[in-house]
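If you read the sequences in order, they're chains P and Y. Position one of the first sequence corresponds to residue 576 (the working numbering), numbered consecutively onward. Position one of the second sequence corresponds to residue 576 (the working numbering), numbered consecutively onward. For every residue, glycine included, the Cβ atom is placed at its ideal position computed from N, Cα and C. Report on the following structure.
Number of protein chains: 2
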Amino acid sequence: MENKKRLKLAKEVLSDPRNPKEEVQALQDTIYVIGGKWKLPIINSICNGNKRFREIERSIPGITTRMLSRELREMEANLIIKRTVTDTIPVVVEYSPTEYCYTFGDIILEMIKWGKEHRERIKKDLSSEL
Amino acid sequence: MENKKRLKLAKEVLSDPRNPKEEVQALQDTIYVIGGKWKLPIINSICNGNKRFREIERSIPGITTRMLSRELREMEANLIIKRTVTDTIPVVVEYSPTEYCYTFGDIILEMIKWGKEHRERIKKDLSSEL
DNA sequence: GTAACCAGTATAACAGAGTATACCAACATG
DNA sequence: CATGTTGGTATACTCTGTTATACTGGTTAC
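Below is the structure:
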């Protein structure tokens with residue numbers, strides 16, 4: 576058992592090509608940053624060209640002004656988006672993506688893909704149940 | 576303004592190549608299924624070959640037995656994983672991925688990629704601040 | 001025989017994510 | 001002049017995900 580343990584440890588630390596420890600941490604980091612119900616939909620909306628507060632709000636089913644306001648503030652602080660106020664009359668507030676914002680693109684794309692396939696699967700399951 | 580509205584509506588419904596409405600919904604569906612702190616790390620762990628309860632637990636920093644127990648039960652019910660009990664003495668409980676489980680692979684991969692790059696960025700930012 | 005490992009369950013409590021509803025000032029629209 | 005839009009804030013509440021701590025019954029190693 577002593578030997579087994581030592582063997583396992585060596586295996587773990589040295590020869591594993593996809594270092595699991597590093598990957599779990601990376602995964603958990605990502606979840607920490609984009610966790611919650613709203614951040615990714617908001618990023619998606621803004622990257623899709625929505626700029627105004629109400630516009631973004633309308634583009635995300637179920638979100639409340641309060642949550643949108645909170646998340647936007649937080650994401651601006653974290654440099655994920657930029658908030659611009661014009662000095663026209665009336666003032667116009669616009670949100671725009673930063674470069675950092677686009678780094679989430681691939682994740683969002685994969686999640687959209689999964690979501691679409693998920694719907695397909697459910698449709699098929701329902702129709703085959705008849 | 577009447578015309579503007581009608582134009583916008585038509586544009587929205589017809590000619591948009593990446594139908595935003597469908598995509599937001601797909602995105603929100605996905606978040607609904609894999610939302611929370613633990614589901615993806617657990618899926619990742621099991622897909623990486625971890626089978627035993629304590630093994631999975633040890634592979635995910637910060638998780639408690641309670642959360643792992645709950646999530647495993649839920650994910651078994653949703654057919655994301657399979658739970659097998661042998662009738663040996665002592666009994667051995669093993670968790671294994673279903674095919675469905677692997678459909679999250681691309682999402683997890685992208686999130687691991689993002690997490691790693693995120694660490695790199697932070698490292699660079701810190702070193703450039705000196 | 002005692003310490004440790006396995007696969008969890010029990011209980012209690014908390015923090016904060018999320019909801020609901022109302023409200024505001026400034027401006028535009030008809 | 002009434003109604004609607006914009007960009008939010010205020011208040012209060014719920015809910016549940018998450019944590020913390022302890023415990024169980026069986027097995028195995030030293």
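Which two residues bound the contiguous beta strand (DSSP E) that contains residue i?
{"i": "isoleucine 664 of chain P", "result": "From DSSP, isoleucine 664 of chain P is part of no beta strand (DSSP E); its letter is neither H nor E."}
Can you tell me whether DSSP reads residue i as helix, strand or coil?
{"i": "proline 636 of chain Y", "result": "coil"}
{"i": "isoleucine 655 of chain P", "result": "coil"}
{"i": "serine 590 of chain Y", "result": "Any reading at serine 590 of chain Y needs caution, since the residue's pLDDT is 49, under 50, leaving its predicted position unreliable; the model's value is listed next. If DSSP states are grouped into helix, strand and coil, serine 590 of chain Y belongs with the helices."}
Looking at the secondary structure, which residues open and close the alpha helix (DSSP H) in which residue i lies?
{"i": "asparagine 619 of chain Y", "result": "614-622"}
{"i": "arginine 696 of chain Y", "result": "680-703"}
{"i": "threonine 605 of chain Y", "result": "595-609"}
Please report whether the beta-carbon of residue i lies at a distance below 8 Å from any beta-carbon of chain P.
{"i": "methionine 650 of chain Y", "result": "no"}
{"i": "arginine 633 of chain Y", "result": "no"}
{"i": "lysine 626 of chain Y", "result": "no"}
{"i": "lysine 612 of chain Y", "result": "yes"}
{"i": "asparagine 653 of chain Y", "result": "no"}
{"i": "methionine 686 of chain Y", "result": "yes"}
{"i": "isoleucine 606 of chain Y", "result": "yes"}
{"i": "glutamate 598 of chain Y", "result": "yes"}
{"i": "threonine 678 of chain Y", "result": "yes"}
{"i": "asparagine 594 of chain Y", "result": "no"}
{"i": "leucine 602 of chain Y", "result": "yes"}
{"i": "leucine 647 of chain Y", "result": "no"}
Chain Y beta carbons: is any one of them nearer than 8 Å to that of residue i?
{"i": "arginine 658 of chain P", "result": "no"}
{"i": "proline 721 of chain P", "result": "Residue 721 of chain P lies beyond the stretch modelled for chain P, which goes from 576 to 705, so this question has no answer here."}
{"i": "valine 667 of chain P", "result": "no"}
{"i": "lysine 691 of chain P", "result": "yes"}
{"i": "isoleucine 683 of chain P", "result": "yes"}
{"i": "glutamate 630 of chain P", "result": "no"}
{"i": "leucine 615 of chain P", "result": "yes"}
{"i": "arginine 694 of chain P", "result": "yes"}
Between residue i and residue j, how many whole angstroms is the CB-CB distance? I'm expecting something under 8 Å.
{"i": "glycine 690 of chain Y", "j": "aspartate 700 of chain P", "result": "Contact doesn't hold; Cβ gap of about 33 Å is too wide."}
{"i": "phenylalanine 679 of chain P", "j": "isoleucine 618 of chain P", "result": "5 Å"}
{"i": "lysine 626 of chain Y", "j": "glutamate 669 of chain Y", "result": "4 Å"}
{"i": "isoleucine 609 of chain P", "j": "leucine 615 of chain P", "result": "6 Å"}
{"i": "isoleucine 683 of chain P", "j": "methionine 686 of chain Y", "result": "With a Cβ gap of about 11 Å, isoleucine 683 of chain P and methionine 686 of chain Y do not count as contacting."}
{"i": "valine 599 of chain P", "j": "proline 672 of chain Y", "result": "At roughly 16 Å, the Cβ-Cβ gap does not stay under 8 Å, so valine 599 of chain P and proline 672 of chain Y are not in contact."}
{"i": "glutamate 651 of chain P", "j": "arginine 658 of chain P", "result": "5 Å"}
{"i": "proline 595 of chain P", "j": "asparagine 594 of chain Y", "result": "Between asparagine 594 of chain Y and proline 595 of chain P the Cβ distance is about 38 Å, and since that is not below 8 Å, they are no contact."}
What's the call for residue i, buried or exposed, on a 16-neighbour Cβ count within 10 Å?
{"i": "glutamate 646 of chain Y", "result": "buried"}
{"i": "alanine 601 of chain Y", "result": "buried"}
{"i": "valine 667 of chain P", "result": "exposed"}
{"i": "serine 634 of chain Y", "result": "buried"}
{"i": "glutamate 692 of chain P", "result": "exposed"}
{"i": "leucine 654 of chain P", "result": "exposed"}
{"i": "glutamate 707 of chain P", "result": "Chain P is shown from 576 up to 705; residue 707 of chain P falls before or after that span and cannot be answered."}
{"i": "proline 665 of chain Y", "result": "exposed"}
{"i": "isoleucine 531 of chain Y", "result": "Past the edges of chain Y, shown from 576 to 705, lies residue 531 of chain Y, and the structure says nothing about it."}
{"i": "isoleucine 656 of chain P", "result": "buried"}
{"i": "leucine 643 of chain Y", "result": "buried"}
{"i": "isoleucine 697 of chain P", "result": "exposed"}
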